[in-house]
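Enquirer: Here it is, the structure in full.
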Amino acid sequence: MVHLTRTAINVAALTTATAGPADGGIATFIGLVRDHHDGREVLRLEYTAFEPMAEVEAERIVQEAEARWPVRIGLRHRLGTLEIGDIAVAVVAVSAHRGPAFDACRHVIEEVKRRVPIWKQESYADGTVGWVDPTAAGRGRENADRADPAAARGYG
Amino acid sequence: MVHLTRTAINVAALTTATAGPADGGIATFIGLVRDHHDGREVLRLEYTAFEPMAEVEAERIVQEAEARWPVRIGLRHRLGTLEIGDIAVAVVAVSAHRGPAFDACRHVIEEVKRRVPIWKQESYADGTVGWVDPTAAGRGRENADRADPAAARGYG
Amino acid sequence: MSSPAGSLSVKLLLFATYAELVGRDQVLLEVPSPATVADVVRRFRTSWPGADRVPDRPMAAVNRVHARPETPVADGDEVALLPPLAGG
Amino acid sequence: MSSPAGSLSVKLLLFATYAELVGRDQVLLEVPSPATVADVVRRFRTSWPGADRVPDRPMAAVNRVHARPETPVADGDEVALLPPLAGG
Numbered sequence: 019m020v021h022l023t024r025t026a027i028n029v030a031a032l033t034t035a036t037a038g039p040a041d042g043g044i045a046t047f048i049g050l051v052r053d054h055h056d057g058r059e060v061l062r063l064e065y066t067a068f069e070p071m072a073e074v075e076a077e078r079i080v081q082e083a084e085a086r087w088p089v090r091i092g093l094r095h096r097l098g099t100l101e102i103g104d105i106a107v108a109v110v111a112v113s114a115h116r117g118p119a120f121d122a123c124r125h126v127i128e129e130v131k132r133r134v135p136i137w138k139q140e141s142y143a144d145g146t147v148g149w150v151d152p153t154a155a156g157r158g159r160e161n162a163d164r165a166d167p168a169a170a171r172g173y174g
Numbered sequence: 019m020v021h022l023t024r025t026a027i028n029v030a031a032l033t034t035a036t037a038g039p040a041d042g043g044i045a046t047f048i049g050l051v052r053d054h055h056d057g058r059e060v061l062r063l064e065y066t067a068f069e070p071m072a073e074v075e076a077e078r079i080v081q082e083a084e085a086r087w088p089v090r091i092g093l094r095h096r097l098g099t100l101e102i103g104d105i106a107v108a109v110v111a112v113s114a115h116r117g118p119a120f121d122a123c124r125h126v127i128e129e130v131k132r133r134v135p136i137w138k139q140e141s142y143a144d145g146t147v148g149w150v151d152p153t154a155a156g157r158g159r160e161n162a163d164r165a166d167p168a169a170a171r172g173y174g
Numbered sequence: 045m046s047s048p049a050g051s052l053s054v055k056l057l058l059f060a061t062y063a064e065l066v067g068r069d070q071v072l073l074e075v076p077s078p079a080t081v082a083d084v085v086r087r088f089r090t091s092w093p094g095a096d097r098v099p100d101r102p103m104a105a106v107n108r109v110h111a112r113p114e115t116p117v118a119d120g121d122e123v124a125l126l127p128p129l130a131g132g
Numbered sequence: 045m046s047s048p049a050g051s052l053s054v055k056l057l058l059f060a061t062y063a064e065l066v067g068r069d070q071v072l073l074e075v076p077s078p079a080t081v082a083d084v085v086r087r088f089r090t091s092w093p094g095a096d097r098v099p100d101r102p103m104a105a106v107n108r109v110h111a112r113p114e115t116p117v118a119d120g121d122e123v124a125l126l127p128p129l130a131g132g
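Protein chains in written order, with my numbering: chain A, 19 to 174; chain B, 19 to 174; chain C, 45 to 132; chain D, 45 to 132.
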């Protein structure tokens with residue numbers, strides 16, 4: 019696994035591995051495990067993936083961003099059991115200038131959420147568990163464009 | 019000094035100090051000392067500031083961002099002599115969601131560049147030194163809105 | 045993989061909620077040829093207990109590439125039905 | 045700080061290139077009252093060797109707040125002339 023990992027994500031190491039002396043700007047996004055979701059108290063969660071496809075799709079996203087902007091991308095998504103405050107995902111975009119770094123970083127995390135086959139099961143304080151559906155009612159705005167990755171990429 | 023520092027910027031410590039268990043997204047911008055500028059090889063550089071105003075203006079920018087978005091902001095700008103690859107500035111924006119974190123992070127670094135009275139003197143490989151003018155010809159696009167911070171804030 | 049004349053065989057992969065609905069993470073299906081992703085989904089939903097609770101147009105991938113309902117499926121293809129993604 | 049009747053006194057702070065142009069980082073100026081930032085700049089540019097190379101409308105701050113050429117200046121104010129900023 020390259021972009022997927024079952025061990026803690028080290029953002030500093032990922033940044034160092036991605037940046038070079040010609041780079042002036044680094045935009046980073048870090049996704050953390052929150053202690054709440056839709057009003058329920060979350061204790062921990064479990065990420066699972068369709069691993070071979072997730073790895074390939076993540077690499078496609080990285081290569082597309084590096085072709086579209088003058089950037090280099092570092093991407094890691096954690097799998098397995100995570101506790102509150104753990105890093106679930108990290109995207110590092112390095113460039114000579116800040117504009118492309120920001121644009122590419124944001125694009126990559128949006129595409130990861132939309133296209134990489136990963137699922138999240140939350141364990142709640144009341145002892146129940148639940149699969150997270152970001153497209154469900156009430157969560158449509160932030161995740162509206164998760165719908166139909168095949169259409170957006172022109173498959174079919 | 020709070021937002022200004024003469025010692026190395028520790029992004030991980032700044033992030034930890036800014037984020038809490040309700041935060042799901044962290045957007046970070048890190049500005050590094052590049053080894054080139056306008057085609058010239060840079061060896062090192064020196065940041066100076068109108069320190070009391072720079073500190074106050076940085077805090078204004080942080081408070082404006084925290085009032086405009088549901089975020090908390092961490093901001094550090096280094097002063098003194100920096101070598102290639104050193105971190106010159108770091109902005110951390112933490113939020114429950116990624117959208118406001120990205121928006122606020124980008125806004126803060128743009129405002130820092132536009133409003134905080136800091137100057138940069140580069141030392142070149144040919145032995146000369148030069149004050150950097152981001153508004154000079156050929157660099158207008160990336161820095162066009164550095165002009166007139168008083169007008170943008172409604173002073174006068 | 046050989047199939048009866050006029051039909052094709054696909055391996056259907058199931059994840060997360062979809063796997064829980066039918067109690068397994070893969071099934072083998074025979075469908076009349078030619079077939080699309082939609083044909084495979086229809087066959088699955090009507091032939092496995094619990095599978096009717098899978099949406100009739102789920103997100104899907106063929107051989108690890110995102111696909112649409114009208115994407116053609118060939119004999120031996122791996123078809124994955126993907127519940128709403130929740131990475132990141 | 046007391047000034048002659050009809051005039052006011054300001055402390056002008058200079059940084060980076062502007063400090064180098066005149067060889068010092070602050071000067072005291074007397075200007076007729078009432079006065080604006082533009083009046084202070086004009087007086088500075090015509091009364092100090094090298095100061096004519098400072099732009100006639102430089103970025104400026106009054107008492108550590110960004111100001112415009114027409115911003116009024118009071119007796120005892122601290123006026124800073126800011127070369128193009130290069131932080132970040």
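Here a beta-carbon is modelled for each residue, glycine too, at the ideal position from N, C-alpha and C.
#1: Have a look at A67 (chain A) and S53 (chain C) and give me their C-alpha separation to the nearest angstrom.
#2: Beta-carbon within less than 6 Å of F47 (chain A)'s beta-carbon, same chain only, minus the 5 sequence neighbours each way: which residues are those?
#3: Cβ closer than 8 Å: which chain A residues qualify as neighbours of D53 (chain B)?
#4: Between D:A49, D:L72, D:S51, which has its C-alpha nearest E122 (chain D)'s C-alpha?
#5: Sorted by chain position, which residues of the same chain lie with C-beta nearer than 6 Å to A45 (chain B)'s C-beta, five sequence neighbours on each side aside?
#6: Could you check where the beta strand (DSSP E) with G148 (chain A) kicks off and where it finishes?
#7: Let me make sure I understand the geometry here. Which of C:G132, C:F59, C:G67, C:L125 has the alpha-carbon closest to that of R86 (chain C)?
#8: With three or more C-beta pairs closer than 8 Å as the rule, is the segment 142 to 156 of chain A touching the segment 75 to 87 of chain A?
#9: Under 8 Å by Cβ, that's how I've got I2 (chain A) and D53 (chain A) pegged, so tell me the actual separation to the nearest angstrom.
#10: Measuring CB to CB, does H125 (chain B) end up less than 9 Å from R94 (chain B)?
#11: Which value, in whole angstroms, describes the spacing of the CA atoms of V29 (chain A) and N28 (chain B)?
#12: Mind checking who G1 (chain B) pairs with in its DSSP beta bridge?
#13: Starting from A31 (chain A), trace the beta strand (DSSP E) both ways and give me its first and last residue.
#14: What three-state label does DSSP hand P184 (chain A) in the structure shown?
#15: Output yes if chain A places a C-beta closer than 9 Å to the C-beta of G49 (chain B); else output no.
#16: Tell me the rounded alpha-carbon separation between T153 (chain B) and L58 (chain D).
#17: How far does the alpha helix (DSSP H) with A82 (chain C) in it extend, from its first residue to its last?
#18: Output the distance between the C-alpha atoms of T34 (chain A) and R62 (chain B), rounded to the nearest integer angstrom.
#19: Which residue or residues does DSSP assign as beta-bridge partners of S77 (chain D)?
#20: Comparing the C-beta of M19 (chain A) with each C-beta of chain C, is any distance below 9 Å?
#21: Select from C:Y62, C:A82, C:H110 the residue whose C-alpha is nearest the C-alpha of V74 (chain A).
#22: Can you tell me whether S113 (chain B) is buried or exposed? The criterion is at least 16 other CB atoms within 10 Å of its CB, across all chains shown.
#23: Can you give me the C-alpha to C-alpha distance between L90 (chain C) and P167 (chain A), rounded to a whole angstrom?
#24: For R133 (chain A), return the contacting residues in chain C, with the cut-off set at a CB-CB distance below 8 Å.
#25: What distance in whole Å lies between the Cβ atoms of V130 (chain B) and G131 (chain D), which are believed to be in contact at a cut-off of 8 Å?
#26: Can you say whether A95 (chain D) is buried or exposed, counting buried as having 16 or more other CB atoms within 10 angstroms of its CB?
#27: So which residues of chain A does L57 (chain C) contact, with C-beta pairs closer than 8 Å?
#28: If we ignore side chains and look at the alpha-carbon of each, how far apart do P135 (chain A) and Q70 (chain C) end up?
#29: So, for A40 (chain B): in the same chain, excluding its five sequence neighbours on each side, which residues have a beta-carbon less than 8 Å away from its beta-carbon?
#30: Note down the Cα distance separating P78 (chain C) from G50 (chain C), rounded to an integer number of angstroms.
Expert: The relevant details are as follows:
#1: If you number the first sequence from 1, residue 67 (chain A) lands on position 49. If you number the third sequence from 1, residue 53 (chain C) lands on position 9. Computed Cα separation, rounded: 24 Å.
#2: On the first sequence, position 29 is the one that residue 47 (chain A) refers to. Hits under 6 Å: V109, C123, I127.
#3: Indexing the second sequence from 1 puts residue 53 (chain B) at position 35. In chain order: P39, A40.
#4: If you number the fourth sequence from 1, residue 122 (chain D) lands on position 78. Measuring from the Cα of E122 (chain D), the nearest candidate turns out to be D:L72.
#5: The count along the second sequence starts at 1 and reaches residue 45 (chain B) at position 27. In chain order, A111, A119, F120, C123 place their CB closer than 6 Å to the CB of A45 (chain B), counting only its own chain and leaving out the 5 sequence neighbours on each side.
#6: Mapped onto the first sequence, residue 148 (chain A) falls at position 130. Looking at the DSSP string, the run of the beta strand (DSSP E) that includes G148 (chain A) is 147 to 149.
#7: As a first step, residue 86 (chain C) must be located in the third sequence, where it is residue number 42. Per the Cα distances, C:L125.
#8: By the Cβ rule, the segment 75 to 87 of chain A does not count as touching the segment 142 to 156 of chain A, because fewer than three pairs are nearer than 8 Å.
#9: The structure shown does not extend to residue 2 (chain A), since chain A is modelled only from 19 through 174, so no value can be given for it.
#10: Mapped onto the second sequence, residue 125 (chain B) falls at position 107. Mapped onto the second sequence, residue 94 (chain B) falls at position 76. No; because the gap between Cβ atoms is not below 9 Å, this pair is not in contact.
#11: The residue given as residue 29 (chain A) occupies position 11 in the first sequence. The residue given as residue 28 (chain B) occupies position 10 in the second sequence. For V29 (chain A) and N28 (chain B), the distance between alpha carbons rounds to 12 Å.
#12: This structure gives no information on residue 1 (chain B), because the portion of chain B shown stretches from 19 to 174.
#13: Start at 1 with the first residue of the first sequence, and residue 31 (chain A) comes out as number 13. Segment 29 to 36 is the alpha helix (DSSP H) holding A31 (chain A); no beta strand (DSSP E) there.
#14: Nothing in the structure corresponds to residue 184 (chain A), since chain A is present only between 19 and 174.
#15: On the second sequence, position 31 is the one that residue 49 (chain B) refers to. Answer yes: the Cβ-Cβ gap between G49 (chain B) and chain A drops below 9 Å somewhere.
#16: In the second sequence, the residue the question calls residue 153 (chain B) occupies position 135. In the fourth sequence, the residue the question calls residue 58 (chain D) occupies position 14. About 19 Å.
#17: The residue labelled residue 82 (chain C) in the question sits at position 38 within the third sequence. Unbroken alpha helix (DSSP H) run through A82 (chain C): 81 to 91.
#18: The sequence position of residue 34 (chain A) within the first sequence is 16, counting from 1. The sequence position of residue 62 (chain B) within the second sequence is 44, counting from 1. So the alpha carbons of these two residues sit roughly 19 Å apart.
#19: The residue you call residue 77 (chain D) lines up with position 33 of the fourth sequence. Beta-bridge partners of S77 (chain D) (DSSP): none assigned.
#20: In the first sequence, residue 19 (chain A) corresponds to position 1, counting from 1. Cβ-Cβ to chain C under 9 Å: no for M19 (chain A).
#21: Reading the first sequence from its first residue, position 56 is the one you call residue 74 (chain A). It is C:H110 whose Cα lies nearest to the Cα of V74 (chain A).
#22: Working through the second sequence from its first residue, we reach residue 113 (chain B) at position 95. Classification of S113 (chain B): buried, given that the 10 Å Cβ count is 16 or more.
#23: Your numbering for residue 90 (chain C) matches position 46 in the third sequence. Your numbering for residue 167 (chain A) matches position 149 in the first sequence. The sequence shown places Thr at residue 90 (chain C), not Leu. Near 26 Å, if we compare the C-alpha coordinates of P167 (chain A) and T90 (chain C).
#24: For the purposes of this step, residue 133 (chain A) is taken as the residue at position 115 of the first sequence. Those within 8 Å of R133 (chain A) in chain C are H110, L129.
#25: For this step, residue 131 (chain D) is matched to residue 87 along the fourth sequence. For this step, residue 130 (chain B) is matched to residue 112 along the second sequence. With a Cβ gap of about 6 Å, G131 (chain D) and V130 (chain B) count as contacting.
#26: For the purposes of this step, residue 95 (chain D) is identified with residue 51 of the fourth sequence, where counting begins at 1. Looking at its Cβ environment, which holds 16 or more other Cβ atoms inside 10 Å, A95 (chain D) is buried.
#27: Locating residue 57 (chain C) in the third sequence gives position 13, where the first residue counts as 1. The contacting residues are F68.
#28: Residue mapping note: residue 135 (chain A) aligns to position 117 of the first sequence, counting from 1. Residue mapping note: residue 70 (chain C) aligns to position 26 of the third sequence, counting from 1. Near 16 Å, if we compare the C-alpha coordinates of Q70 (chain C) and P135 (chain A).
#29: Locating residue 40 (chain B) in the second sequence gives position 22, counting from the first residue. Its chain contains A114 as the residues whose beta carbon lies nearer than 8 Å to that of A40 (chain B), once the 5 sequence neighbours on both sides are disregarded; these appear in chain order.
#30: The count along the third sequence starts at 1 and reaches residue 78 (chain C) at position 34. The count along the third sequence starts at 1 and reaches residue 50 (chain C) at position 6. The straight-line gap from Cα to Cα measures roughly 8 Å.
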